[in-house]
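Going by my numbering, the sequence shown opens with residue 299, and the numbers climb by one from there. In what follows, a single structure is set out as structure tokens and then discussed.
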Amino acid sequence: MISLIFAIDPNGVIGKGNDLPWHYPEDLRYFRRKTMGKTVLMGRETFKSIIGRLGHPLVGRKSIVASLEPFSYPGVTVISDLIAYLKQEHEEEIFVIGGKTIYGLSLPFAQKLYITYIKKPYHGDVYLVDFDLSMFELLESKETPDLNFTVYGRKQQ
């Protein structure tokens, strides 16, 4: 099962300078709790930003990096054909964690969306503005003063 997980502000901002423009420990804990022990799928630039920030891949998760350019990193699986990978049957939940292009290509294959809505607007340079939720229904919602944690499931046809 393919799931997307991301945080987004009211204007569609999801990133700034290959990083997040905000810092909400509660959202980071949510991300960790949902993805721990799972496979995370990301683009090469997202992976490089994680390495730049942490110095290593996300602990406790299997990292798969989609890259059209030759690329390798110890302990990380690199795929060159994202669509072929997404079309495969995945019994376990695979979390797509960015960036923008990977989200866009993965959305048609997603069964679940874990979206944290940031209530305050931020300045950024990466946006998800044409993200269509019409094929999804709200399954869960938990609101805090700064955030709204939601889970959407693909509507049955």
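Backbone N, C-alpha and C fix where the C-beta goes; we use that ideal spot for every residue, glycine too. Values in this document were obtained by computation on a predicted structure and should not be read as measured data.
- L366 and S347 have their C-alpha atoms spaced approximately 17 Å apart.
- Straight through space, the alpha carbons of L403 and G341 are spaced by roughly 11 Å.
- Between V311 and Y415, the beta carbon gap of about 11 Å keeps them out of contact (Cβ cut-off 8 Å).
- Rounded to whole angstroms, M433 and L302 show a C-alpha spacing of 14 Å.
- Close CB contacts of E324 within its chain, under the 6 Å cut and outside five residues either way in sequence, are absent.
- Per DSSP, the unbroken beta strand (DSSP E) holding S361 starts and ends at 360-364.
- The way I'd put it, the region 330-345 does touch the region 395-402; three or more beta-carbon pairs between them come closer than 8 Å.
- Nearest in C-alpha terms to I362, of all of F447, I377, R351, F369, is I377.
- No Cβ-Cβ contact shorter than 8 Å links Y450 with L405.
- By the neighbour-count criterion, in which a residue is buried when 16 or more other Cβ atoms sit within 10 angstroms of its Cβ, A382 is exposed.
- Close CB contacts of F369 within its chain, under the 8 Å cut and outside five residues either way in sequence, are with R342, V363, V376 (chain order).
- Nearest neighbour of I395 by Cα position, chosen from G422, D430, L356, turns out to be L356.
- Partner residues in the beta bridge of A305, as assigned by DSSP, are T414.
- In the DSSP annotation of this structure, K385 is not part of any beta strand (DSSP E); the continuous alpha helix (DSSP H) holding it starts and ends at 380-385.
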